[in-house]
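Just remember that our numbering sits 2 ahead of the position in the sequence shown, which is counted from 1.
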Amino acid sequence: MAKQVFKKIINNQELIVEHGQLAKQASGSILVRYGDTVVLVTVTVNNKISEGDFFPLTVVFQEKLYSVGKIPGGFLKREGKPSEYGTLSARVIDRALRPLFSENFRNEVQIVINVLAVDNDNDVRVVSLFAASLALSISKIPFAGPVAGTLVTFDQNNNIIINPTLEQINNGKMELIVAGTAEAINMVEAGAKEVSESLMLQAILAGHDVIRQLITFQHEIIEKVGVPKMEVELFQIRSEIITYVNNNYAKELITAARIKEKTKRYETIEHLVEQAINNYSIPVPLSEKEQKKLTLELKTALHNIIRQEVRRQILIDKTRLDGRKLDQIRPLSSEIDILPIVHGSALFTRGETQVLSVVTLGALGENQIIDGITDEEGKRFMHHYNFPPFSVGETGRMGPPSRREIGHGALGEKALLQIIPSEKVFPYTIRIVSEVLESNGSTSQASICAATLALMAAGVPIIGPVVGIAMGLIKEKNNYTILTDIQGVEDHLGDMDFKVAGTAKGICALQMDIKIAGINKAILQEALEAAKEARLTILDNVLATISEPRAHLAPTAPKMKTFMIPVDKIREVIGPSGKMITAIIEKSDDVKIDIEDDGQVTIYHRESTAIEKAYQLIKAIVMPVIVGEEIIGPVVKIEKFGVFVNLKENLDGLIHISKLAKQHVEKAEDIVQLNDIVKVKVIEIDGKGKIKLQLIEILPKK
């Protein structure tokens, strides 16, 4: 197969696609270059239908540290499990691709994204999604694409920037990834600095315009190198099974679907499913494989009845399972100070969804170190999300966080990050752990609400409280209904899970997952406005519990003292091989000390006395005078505003003109002359180490 190269200018930069040279044994293989970002994406398919009840699609995002010129850390010096960034990137791509496969397609598909080179000004996720869509589209795998995505931000003047550089994102108001087909939007993910709903919608639609250009380019390539699609066996339910289920269990299932209480509804449905399977008569013995297939068809047929009934109630009757109105939020409850010892804790409950969030504060040196393909080397704010099986009344796997837990934690972190004070204002590392105790829909947004409460209870001076809500959608052709605060069954049987988090001022995070090909502007706009109304209602509940961050940290939280030292004194404080700072720490009851390059020193400890001791030891090194001390020295410089006196070797202090005499002084020379020997008193040492003096007397010249 001869190598073919295709080129197109997108956003003033050349997008280059290569086909036919690399990984030719895969079902589809594409190399894409955009700027200096290069990815090789391969797709493969199993020719046999799987026996499971879902489509087994796997997206593997292979981060290679050579792509950014790094050698991996650790003993093995090779890449290990995916980083958080890799996991989140795979999820973004999966969410854009998955809705474009047939609902009944069951053949296993694996998409492997090999990140070969990364230019952080050309987003690797956007390039990878384009390449994955194209690899699927030219392959034999049935796929209703193509699909594409783009990155969008606003500058400080609300000008839209498409495919922004890393600097533009850092200086902009948001980081939005939007994906879709030529006709509709099917995936959105954003972190934003309190952006309004109208601006967010404007950015999404601007991104969609670029997506159409990318899809047009894909079609040009597909026409040249695409191959016919394979014949596949789609999952189907035999007609006799559908008849059996409809005749014997439809009425009971519809009644069960209307049970308001989640646990009772699930138990009733599960009992009916078991009954239907056990009562189905089989004329001849079946093999294990045939029995599995029969059971799957029966379960699917039974659940289809429930799905149709729930969707019909919402779409036609405009009623919900729990009797709520379409825009009604479930009962809310907020509490703080749930736990002793910890630095901050809160419990947030919305209906049958409940999350406990706990805040821990630490020194800046305890930040998370990141070894990945992005420029990010560490972070001082972390939000971790745990979803144990008991939260849904089940037994199951317990252990390292799943991809879903990582994704939900990251979404919460994205929203909360917008309200976290800078390290200059609040020089702590902050970790929040959100424990899901009960789940019936939108635990990720409940974790944001609980985390906000816990932050305020901990005394973290957040910019403003942020809360979240999940919106749903039921759509049949042109008829649709938008739901506020979806519960689990509405998420499972619906067409959209649209999570919106924000403050009273605007949106801080956004994530949309859908099961249909896409949604239009009207649905997006309606969902955003409904989410805003719901968000404000939840915000009222949070603020009724705690109206603002506490003025003081918890007694168990590490205390902190911040001050400045001259940059040229940093080396003296640290000492040879760190001996001096180690000695200071040991003499001060194991305080933690962070020293920044600009001379900012922060000391942490639970006891203020230990902090003060370390402070005095450091001050003795860098500030060899103390407030109240009287010193004799020569006048070395005279200015309009005062005179400088040499106190010790390489150490001067300022007597402001107002401190030269009790009466008003017109000129400093009226009181002192250059080289006069004076006695002064140290009255202040400011945060930058500058020494302020008061004249006591002028000594006679010898």
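Backbone N, C-alpha and C fix where the C-beta goes; we use that ideal spot for every residue, glycine too.
Taking the continuous alpha helix (DSSP H) assigned at residue i, which residues delimit it?
i    : result
D493 : 490 to 495
Y1   : Look at the range of the chain in this structure, 3 to 704, and you will see that residue 1 is not part of it.
Q527 : 523 to 547
G88  : 86 to 99
R352 : From DSSP, R352 is part of no alpha helix (DSSP H) but of the beta strand (DSSP E) over 346 to 352.
I261 : Premise fails: I261 is in no alpha helix (DSSP H) and is neither H nor E.
K416 : 405 to 419
I576 : 572 to 576
Give the range of the beta strand (DSSP E) segment to which residue i is assigned.
i    : result
R313 : Looking at the DSSP string, R313 is not in any beta strand (DSSP E); the run it does join, the alpha helix (DSSP H), is 290 to 314.
V682 : 679 to 687
R433 : 431 to 440
Q112 : 109 to 119
M202 : Unbroken run through M202 is the alpha helix (DSSP H), 199 to 227; no beta strand (DSSP E).
T46  : 39 to 51
E1   : Summary: the structure shown does not reach residue 1, with the chain confined to residues 3 through 704, and so no result is reported for it.
Provide the residue(s) that pair with residue i in DSSP beta bridges, ordered along the chain.
i    : result
E743 : Past the boundaries of the shown model lies residue 743; the chain is included only from 3 to 704, so the question cannot be answered.
G193 : E177, A511
F646 : K639, L656
L695 : I657, V684
F57  : Its beta-bridge partners do not exist; DSSP assigns none.
Q64  : N116
H607 : K561
Q602 : M566
K501 : A472, Q513
D596 : T604
T486 : M473
G182 : A150, I187
I555 : Per the sequence shown, residue 555 should be read as Leu rather than Ile. None, per the DSSP bridge assignment.
S336 : F350
I244 : I244 pairs with nothing; no bridge assigned.
I633 : V682
Q15  : I12
I700 : V680
Checking contacts by CB at 8 Å: is residue i closer than that to chain D?
i    : result
G374 : Of the protein chains in this structure there is only one, and it is not chain D.
Just to confirm my understanding: we take residue i, look at its own chain, exclude 5 residues before and 5 after, and list those with CB closer than 7 Å. What are they?
i    : result
Y246 : Y282
A137 : G30, S31, I32, V43, T44, V45
E86  : I408, A412
G601 : M566, I567, P568, V569, I572
L288 : L296
G689 : F565, M566
G644 : L656, I657, H658, I659, A670
Suppose the cutoff is 6 Å on Cβ atoms and the five residues either side in sequence are ignored; what does the same chain contact list for residue i look like?
i    : result
E311 : I256, A259
A616 : I586, S590, V593, I605
G466 : I421, T505
S141 : S29, G30, V45
A533 : I471, M473, V502
R80  : P74
V438 : V357, F389, S393, T445
Q513 : E191, L413, K501
L538 : none
K120 : The sequence shown places Val at residue 120, not Lys. Cβ within range, chain order: T39, S69, V70, V126, I375.
S610 : K561
V229 : K142
Taking 8 Å as the limit between beta carbons, can you name the residues of its chain near residue i, skipping five residues before and five after?
i    : result
V361 : V344, H345, G346, S347, I432, R433, I434, A453, A456, L457, A459, A460, V462
G380 : N369, Q370, I371, I372
Inset, instruction - Decide if the segment 653 to 671 is in contact with the segment 685 to 695; the criterion is three or more beta carbon pairs, one per stretch, under 8 Å apart. - result: yes
Inset, instruction - Evaluate contact between the segment 47 to 55 and the segment 122 to 134, counting only Cβ atoms and requiring at least three cross-stretch pairs below 8 Å. - result: no
Legend entry - Whole beta strand (DSSP E) elements within the segment 356 to 401, 3-residue minimum: 383 to 388
Inset, instruction - Just list the beta strand (DSSP E) runs in the segment 651 to 676, keeping only unbroken ones of 3 residues or longer that don't cross its boundaries, in chain order. - result: 653 to 658
Legend entry - Validate contact between the segment 343 to 360 and the segment 445 to 462 using beta carbons, cut 8 Å, 3 pairs: yes
Inset, instruction - Indicate whether the contact test is met: 3 or more Cβ pairs, each with one atom in the segment 556 to 564 and one in the segment 492 to 504, closer than 8 Å. - result: With the rule of 3 Cβ pairs closer than 8 Å, the segment 556 to 564 does not count as touching the segment 492 to 504.
Legend entry - Completely contained beta strand (DSSP E) runs for the segment 436 to 483, where each covers 3 or more residues: 469 to 478
Inset, instruction - With a floor of 3 residues, list each beta strand (DSSP E) that falls wholly inside the segment 141 to 177, ordered by position along the chain. - result: 150 to 156, 162 to 164
Legend entry - Cβ contact check for the segment 519 to 531 and the segment 310 to 324: 3 or more pairs under 8 Å: no
Legend entry - At least three beta-carbon pairs within less than 8 Å, the segment 367 to 374 to the segment 391 to 408: The segment 391 to 408 and the segment 367 to 374 do not touch, with fewer than three beta-carbon pairs separated by less than 8 Å.
Legend entry - Inter-stretch contact (C-beta, 8 Å, three-pair minimum) for the segment 64 to 82 and the segment 143 to 163: no
Inset, instruction - Would you check if there are 3 or more beta carbon pairs closer than 8 Å linking the segment 143 to 154 to the segment 180 to 188? - result: yes
Inset, instruction - Could you tell me whether the segment 34 to 41 touches the segment 99 to 114, using the rule of 3 or more Cβ pairs below 8 Å? - result: no
Inset, instruction - Give a yes or no on contact between the segment 479 to 490 and the segment 315 to 332, applying the rule of three or more CB pairs nearer than 8 Å. - result: yes
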